[in-house]
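Undergrad: My questions all concern the structure below.
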Amino acid sequence: MTASNTRTRAWFRSRISLTSNLMNKVVMAWKTKFVLTIISPSEIPCVALTAQSTMHCLINFVEAKVTANDKPVKGVKTSNVIIDAIRNLLVSPLHPNGNHKRDVIPFPVIVFFHDGGFSLLNTDSRGYNEV
Numbered sequence: 577m578t579a580s581n582t583r584t585r586a587w588f589r590s591r592i593s594l595t596s597n598l599m600n601k602v603v604m605a606w607k608t609k610f611v612l613t614i615i616s617p618s619e620i621p622c623v624a625l626t627a628q629s630t631m632h633c634l635i636n637f638v639e640a641k642v643t644a645n646d647k648p649v650k651g652v653k654t655s656n657v658i659i660d661a662i663r664n665l666l667v668s669p670l671h672p673n674g675n676h677k678r679d680v681i682p683f684p685v686i687v688f689f690h691d692g693g694f695s696l697l698n699t700d701s702r703g704y705n706e707v
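Written out as structure tokens, the structure reads:
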């Protein structure tokens, strides 16, 4: 076994340990926690392939999709804004429902950049939206 293989295995073991520790502390729906436990970092090398790969196409085929919601779901409206149609690059802004009288202070703006290449989930994936 080469040194790079040993380092890679150690890195994945540390990621798996980190994921299991976080899953025990995070409060979320049991279905979401179950799916995220199955799709752990240990699975990423198996499916982190190019967009044309068989595995990637299979995942996109069986993955549950959701559409943008104009009506608030759990207090949040969503939309999809295409930035670059050639690369299928889009942004999914989340808009909190601020129709309550007590909401006199403006909402803060939070910008989240996902730099993972969406090897497993897309912005229209149900699992991505659940989290």
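Quick note on this note's numbering: the sequence shown kicks off at 577 and runs consecutively. Backbone N, C-alpha and C define an ideal beta-carbon position, used for all residues, glycine too.
How many Å lie between Pro672 and Asn656 at the Cα?
TA: Working through the sequence shown from its first residue, we reach residue 672 at position 96. Working through the sequence shown from its first residue, we reach residue 656 at position 80. Approximately 15 Å between the Cα atoms of the pair.
Undergrad: Indicate whether Val649 and Leu670 have their beta-carbon atoms separated by less than 7 Å.
TA: Numbered from 1 along the sequence shown, position 73 holds the residue referred to as residue 649. Numbered from 1 along the sequence shown, position 94 holds the residue referred to as residue 670. Not in contact: Val649 and Leu670 (Cβ atoms no closer than 7 Å).
Undergrad: Who does Pro648 pair with in a DSSP beta bridge?
TA: Sequence index remark: in the sequence shown, residue 648 carries index 72 (1-based). Answer is none; Pro648 lacks a bridge partner.
Undergrad: Run through DSSP, which three-state label would Thr654 get?
TA: Residue numbering aside, residue 654 sits at position 78 when the sequence shown is read from its first letter. In this structure, Thr654 counts as strand in the three-state DSSP scheme.
Undergrad: Based on the DSSP secondary-structure assignment, which residues constitute the bridge partners of Pro669?
TA: Along the sequence shown, one-based indexing puts residue 669 at 93. None; Pro669 has no bridge partner.
Undergrad: Of all the options Lys607, Ser668, Trp606 and Ile686, which has the alpha carbon lying nearest to the alpha carbon of Asn645?
TA: Position 69 of the sequence shown, counted from the first residue, corresponds to residue 645. Comparing Cα-Cα distances from Asn645 to each of Lys607, Ser668, Trp606 and Ile686, the minimum goes to Ser668.
Undergrad: Have a look at Val642, Thr608 and Arg663 and flag the residue whose alpha-carbon is nearest the alpha-carbon of Thr654.
TA: Taking the sequence shown and counting its residues from 1, one reaches residue 654 at position 78. For the residues Val642, Thr608 and Arg663, the minimum Cα distance to Thr654 belongs to Val642.
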